[in-house]
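All residue numbers for the sequence shown refer to this note's numbering, where the first residue is 49 and numbers rise by one. We put the CB at the ideal spot given by N, CA and C, even for glycine.
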Amino acid sequence: MEMIKRKVAVLGSTGSVGTQAIDALSVTDCEYVLLTGGRNIKLLADQARQTKVPLVAVPDEKTAVELRGLLAGESVKVLGGEGAVCEAIRECGADLFVHSIAGMAGIPAALEVSKTGARLAIANKEAIISLGDIIFDNVRKYGGELIPVDSEHSAIFQCLMTSGAVDAKGGSRPEIVKRILLTASGGPFFGKKREELQKVTPEMALAHPTWKMGPKITIDCATLMNKGFEIIEAARLFHVDIDKIEVLVHRQSIIHSMVEYIDTTVMAQLGTPDMRHCVRYALTYPERMTVKEPGLDFPALARLTFDAPDREAFPLLDTAVSAYKMGTTAPAALIAADEEAVSAFIGGKIGFTAISDTVAEAMVKYTPDTVYTAESVFEAEKEAREIAKQIISKY
Numbered sequence: 049m050e051m052i053k054r055k056v057a058v059l060g061s062t063g064s065v066g067t068q069a070i071d072a073l074s075v076t077d078c079e080y081v082l083l084t085g086g087r088n089i090k091l092l093a094d095q096a097r098q099t100k101v102p103l104v105a106v107p108d109e110k111t112a113v114e115l116r117g118l119l120a121g122e123s124v125k126v127l128g129g130e131g132a133v134c135e136a137i138r139e140c141g142a143d144l145f146v147h148s149i150a151g152m153a154g155i156p157a158a159l160e161v162s163k164t165g166a167r168l169a170i171a172n173k174e175a176i177i178s179l180g181d182i183i184f185d186n187v188r189k190y191g192g193e194l195i196p197v198d199s200e201h202s203a204i205f206q207c208l209m210t211s212g213a214v215d216a217k218g219g220s221r222p223e224i225v226k227r228i229l230l231t232a233s234g235g236p237f238f239g240k241k242r243e244e245l246q247k248v249t250p251e252m253a254l255a256h257p258t259w260k261m262g263p264k265i266t267i268d269c270a271t272l273m274n275k276g277f278e279i280i281e282a283a284r285l286f287h288v289d290i291d292k293i294e295v296l297v298h299r300q301s302i303i304h305s306m307v308e309y310i311d312t313t314v315m316a317q318l319g320t321p322d323m324r325h326c327v328r329y330a331l332t333y334p335e336r337m338t339v340k341e342p343g344l345d346f347p348a349l350a351r352l353t354f355d356a357p358d359r360e361a362f363p364l365l366d367t368a369v370s371a372y373k374m375g376t377t378a379p380a381a382l383i384a385a386d387e388e389a390v391s392a393f394i395g396g397k398i399g400f401t402a403i404s405d406t407v408a409e410a411m412v413k414y415t416p417d418t419v420y421t422a423e424s425v426f427e428a429e430k431e432a433r434e435i436a437k438q439i440i441s442k443y
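Here is the structure:
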């Protein structure tokens, strides 16, 4: 089937997911209209030349000046400053945005894209966790689409889509879903007990067994906080009761997630652990494109294993569920507290198990706002950071 030629913007193009997105899209017939990045301007300049993009944005004017110097002689407009990324989103005319800006910093861009009527292929889980309901309201209001790019949520979306239980415009039939089975690699410390985890160093935690990612998300995978975030993300994305979402440790990372329906039928999405598949699917949905890469070699897989997570050693799974049930701004506070705790661990200020202790204590001390708006979410982020910093200062 002939694919629509899309005008593509990659937000956060110099990060782990962003670079994979550009690699994945290199075999498609898309037209790049916008790239955004942070401080890695050498890579951003190289990407701009490679993609022949007409517009680049960075959230800092000083960085923009340096980038203009690197791109002198190229037909590229460079925007810089606090509102530059959102301005570029409004200006670029993309019909597909690949959103891979990391962390809470990616929330304003997600909100802006949701108002464009374009397709939002989102890898930024913080935006969905914090403001997913508002983003979906915008998607429906302005006629856009939202497709998850995280491997697990792409898998769930594909399973649900085949049964008509979900679509890219926010439609859903959660009543036919019995369980969502969210798979996890288990991280580098699978099988370790809490007392063993107290000796973990940042170098040990940054050695993920399967995926190559940025330092923050790699530490979150080691504590299973990332899987806690993904539980909340799945509840928001697919409008499913959070108590229907279960985590399974699947060390081989071949089954990316599964859905069990009310008739006990289970559908799974399998594939090699490669984010490029998810990006390409977001580009071509509801169609699929031919890719000249080897598929799964099933005899070579030998066996696929599944284990329940150790919730005593990795308590942040339960902390995440509790935060979601607190409602309104609590999930945003959870993210902010975790960002502070992970930063402190990487900086040698606290130990590995203190990450989960800090986040759990911060959520006990935090009181959610009575209203749920973008403004209240940003205030929750600030408040939770201060609470977490106070806890960390006592170690």
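Could you tell me which of the options sits nearest to residue i, measuring between CA atoms?
i: A428; options: L83, A255, K437 and D417; result: D417
i: D345; options: I302, T376 and I265; result: I302
i: T67; options: V327, V407, Y372 and K397; result: V327
i: R221; options: S233, L83, C207 and G234; result: C207
i: V146; options: M209, A157 and Y420; result: A157
i: I310; options: D355, A57 and E223; result: E223
i: D291; options: A402, Y372 and V126; result: Y372
i: Y329; options: V412, S305 and V197; result: V197
i: A153; options: G85, K189 and L194; result: G85
i: I279; options: E139, E431, T62 and G180; result: G180
i: P342; options: D322, Y443 and V288; result: D322
i: P357; options: E387, Y333, A270 and C140; result: A270
i: V187; options: S162, T338 and V339; result: S162
i: A378; options: T338, M337, K430 and G396; result: K430
i: E287; options: I383, V126 and G219; result: With the sequence shown as reference, residue 287 is identified as His, and Glu is not the correct amino acid for it. Checked all of I383, V126 and G219; the closest Cα to H287 is G219.
Under 8 Å between the Cβ atoms of residue i and residue j?
i: E335; j: L230; result: no
i: T353; j: R284; result: no
i: A132; j: I155; result: no
i: A150; j: K55; result: no
i: R324; j: D71; result: yes
i: I267; j: I398; result: no
i: K189; j: E308; result: no
i: L254; j: L364; result: no
i: S178; j: V425; result: yes
i: A380; j: T406; result: no
i: L144; j: A171; result: no
i: A392; j: A432; result: no
i: A203; j: H304; result: yes
i: K240; j: A350; result: no
i: C78; j: K53; result: yes
i: Y333; j: A216; result: yes
i: L103; j: E139; result: yes
Considering residue i, what are the terminal residues of the alpha helix (DSSP H) in which it resides?
i: R433; result: A422 to I440
i: G117; result: E109 to L118
i: E243; result: R242 to L245
i: G121; result: Per DSSP, G121 belongs to no alpha helix (DSSP H) and is neither H nor E.
i: E135; result: A132 to C140
i: A368; result: L364 to M374
i: L352; result: L352 -> no alpha helix (DSSP H), and no H or E assigned at all.
i: R87; result: Element bounds for R87: n/a, residue is neither H nor E.
i: H201; result: S199 to T210
i: Q68; result: S64 to L73
i: K413; result: F400 to K413
i: I293; result: That residue, I293, is in no alpha helix (DSSP H); its beta strand (DSSP E) goes I293 to V297.
i: K189; result: K173 to Y190
Count the other CB atoms within 10 Å of the CB of residue i; is the residue buried (16 or more) or exposed (fewer)?
i: F400; result: buried
i: S441; result: exposed
i: S74; result: exposed
i: S64; result: buried
i: G235; result: buried
i: I183; result: buried
i: M261; result: buried
i: E243; result: exposed
i: M306; result: buried
i: A112; result: buried
i: A232; result: buried
i: D289; result: exposed
i: V126; result: buried
If I'm right that residue i touches residue j with Cβ under 8 Å, what's the distance once you round it to whole angstroms?
i: A316; j: T367; result: The pair is not a contact, with the Cβ atoms about 28 Å apart (cut-off 8 Å).
i: L115; j: V101; result: Between V101 and L115 the Cβ distance is about 12 Å, and since that is not below 8 Å, they are no contact.
i: K173; j: F237; result: Contact flag wrong, Cβ pair sits at about 21 Å.
i: A136; j: A93; result: The Cβ separation is near 16 Å, so there is no contact.
i: I192; j: T164; result: Here residue 192 is Gly; the residue named in the question, Ile, does not match the sequence. G192 to T164, Cβ: 6 Å. Contact.
i: I435; j: A402; result: So it is not a contact: roughly 15 Å between Cβ atoms.
i: S199; j: L59; result: 19 Å between Cβ atoms; not a contact.
Quick check on the DSSP output: the beta strand (DSSP E) that includes residue i runs from which residue to which?
i: Y309; result: I303 to Y309
i: R324; result: Run containing R324: none in the beta strand (DSSP E); it sits in the alpha helix (DSSP H), M323 to T332.
i: A105; result: L103 to V106
i: M261; result: From DSSP, M261 is part of no beta strand (DSSP E); its letter is neither H nor E.
i: V314; result: V314 to L318
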